[in-house]
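Under UniProt numbering, the sequence shown has 137 at position 137, and the numbering climbs by one with no breaks.
Where is the CB? At the ideal position from N, CA and C, for every residue including glycine.
Please read these numbers as outputs of a predicted model, since none were measured by experiment.
Input: a single structure, listed below in structure tokens.
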Amino acid sequence: MVLRGYVPTSEETLQTLAALRLQSLNSDFSTHAPFPRLEELFPPHVLHARLPPPPHRPPSKCRGARLRAGLLAGGLWGQALAKQRAERDQRLRGRLREEGASTMAAIVEKWKLLQGMGRPEAMAAYVALVREWPGFGSTLFDVDLHAVRPRLGVPQGQPWQWATLTPLSLQSPVGPGPQRLWLSIGAKAVSLYKPGEPEPLDSFCYGRISSFGASDSSTFRLSVEDRDLLFETSQVDEIAQLLNTYLASASARRLPQPQEPPTSHPTSEPTVLPQGLCPAAGPWQHRPPLGSSHS
1 MVLRGYVPTS EETLQTLAAL RLQSLNSDFS THAPFPRLEE LFPPHVLHAR
51 LPPPPHRPPS KCRGARLRAG LLAGGLWGQA LAKQRAERDQ RLRGRLREEG
101 ASTMAAIVEK WKLLQGMGRP EAMAAYVALV REWPGFGSTL FDVDLHAVRP
151 RLGVPQGQPW QWATLTPLSL QSPVGPGPQR LWLSIGAKAV SLYKPGEPEP
201 LDSFCYGRIS SFGASDSSTF RLSVEDRDLL FETSQVDEIA QLLNTYLASA
251 SARRLPQPQE PPTSHPTSEP TVLPQGLCPA AGPWQHRPPL GSSHS
């Protein structure tokens with residue numbers, strides 16, 4: 001989860017996590033200790049993000065210029081461009097090695113500071129750091145949010161609208177296109193994160209989810225109160241199965257338990273609702289649309 005970039009935190013914390021991992025694997029620092037590869041300790045995408053972006057070449061507006069460029073690409077000009085790209089790739093690989101060496105040195109320095117820490121302590125400290133992220137313990141799915149539309153008072157034929165989310169609100173203006181998000185499914189709530197951001201854009205406890213279903217093999221619909229959210233994802237089945245599991249568990253916690261005959265005078269105690277459920281929410285219903293592959 002950490003190495004895949006699914007724990008948004010500072011680079012300093014990522015280095016500390018890597019040092020704790022080394023301490024749990026090898027105990028105290030030693031020059032003779034086996035060193036894992038850097039990509040087994042530290043998220044590779046962080047290093048790649050330090051590299052300069054490729055140069056932007058504006059497209060040629062003139063058709064004749066594009067034609068001449070195409071003809072030249074097969075000759076000496078094409079060979080020169082290929083040489084430039086090869087030289088640039090070599091420089092980037094060298095820069096990546098330098099960044100990797102610098103990062104590994106910083107990790108080793110932090111590892112040395114952990115001398116005397118036992119392996120169980122290192123593992124506990126590692127988990128404690130990761131748990132600071134609100135999404136810890138949830139399953140994350142990469143999704144593209146394509147549309148959000150009101151569910152009530154809207155004609156059936158109204159097309160889906162492109163949506164732009166703002167923090168903690170779905171009442172947002174229409175945007176130009178889909179958004180890449182993390183769909184986080186946990187035991188108590190479903191949340192939407194902008195990749196790399198520590199705080200969710202919005203979270204829904206299971207009492208707010210009225211229905212869900214698959215429109216097709218790559219499109220998933222989630223109905224939250226008066227809103228329908230439409231996602232594109234390659235993991236429709238996995239999302240539906242996980243939601244079914246958590247929603248069934250939430251419904252079971254809400255069912256009244258059979259009461260035994262009282263052996264003493266009844267006492268008046270306040271009703272305690274299961275943690276993570278909305279007090280005012282009605283019973284959840286799984287109502288997939290026509291054509292859904294889930295029931």
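Cβ neighbours of residue i in the same chain (closer than 6 Å, five flanking residues each side left out)
| i | result |
| --- | --- |
| residue 229 | 148, 222 |
| residue 210 | 223 |
| residue 146 | 178, 230, 232 |
| residue 108 | none |
Rounded straight-line distance, which links the Cα of residue j to that of residue i
| i | j | result |
| --- | --- | --- |
| residue 179 | residue 142 | 10 Å |
| residue 112 | residue 106 | 10 Å |
| residue 225 | residue 22 | 46 Å |
| residue 231 | residue 79 | 44 Å |
| residue 1 | residue 135 | 11 Å |
| residue 37 | residue 212 | 42 Å |
| residue 233 | residue 249 | 25 Å |
| residue 14 | residue 188 | 27 Å |
| residue 92 | residue 84 | 12 Å |
| residue 296 | residue 88 | The structure shown does not extend to residue 296, since the chain spans only 1 to 295, so no value can be given for it. |
| residue 129 | residue 20 | 10 Å |
| residue 123 | residue 24 | 6 Å |
| residue 173 | residue 126 | Residue confidence is low: residue 173 scores 37 on pLDDT, short of 50, so the model does not pin down where it sits. Its coordinate-derived value is still stated next. If I take the Cα positions, the gap works out to 40 Å. |
| residue 236 | residue 32 | 47 Å |
| residue 49 | residue 144 | 22 Å |
| residue 98 | residue 185 | 38 Å |
| residue 11 | residue 182 | 20 Å |
| residue 195 | residue 251 | 30 Å |
| residue 220 | residue 214 | 5 Å |
| residue 227 | residue 150 | 5 Å |
| residue 169 | residue 247 | With a pLDDT of 43 at residue 169, under the threshold of 50, the modelled position of this residue cannot be trusted, and the question is left open. |
| residue 165 | residue 201 | Any reading at residue 165 must be qualified, since the residue scores a pLDDT of 45, below 50, and its modelled position is unreliable; no value is offered. |
| residue 39 | residue 7 | 15 Å |
Nonlocal neighbours in the same chain, by C-beta distance under 8 Å from residue i, ignoring five residues either side
| i | result |
| --- | --- |
| residue 132 | 9 |
| residue 110 | 15, 16, 18, 19 |
| residue 156 | The predicted model places residue 156 with a pLDDT of 49, which falls under 50 and marks its position as unreliable; any figure quoted below should be read in that light. Hits under 8 Å: none found. |
Presumed contact (8 Å Cβ cut-off) between residue i and residue j, rounded CB distance
| i | j | result |
| --- | --- | --- |
| residue 3 | residue 43 | 5 Å |
| residue 191 | residue 203 | 4 Å |
| residue 100 | residue 47 | 6 Å |
| residue 45 | residue 5 | 5 Å |
Cut-off 7 Å between Cβ atoms - residues of its own chain near residue i, not counting five sequence neighbours on either side
| i | result |
| --- | --- |
| residue 86 | none |
| residue 243 | 185, 212 |
| residue 139 | 185, 242 |
| residue 104 | 38 |
| residue 193 | 135, 181, 182, 184, 200, 201 |
| residue 53 | none |
Worksheet item: Are the stretch 114-125 and the stretch 19-35 touching, with three or more C-beta to C-beta distances below 8 Å?
Response: yes
Practice prompt. Identify every run of the alpha helix (DSSP H) within the stretch 187-260, keeping only runs that are complete inside it and at least 4 residues long; order them along the chain.
Written response: 236-254
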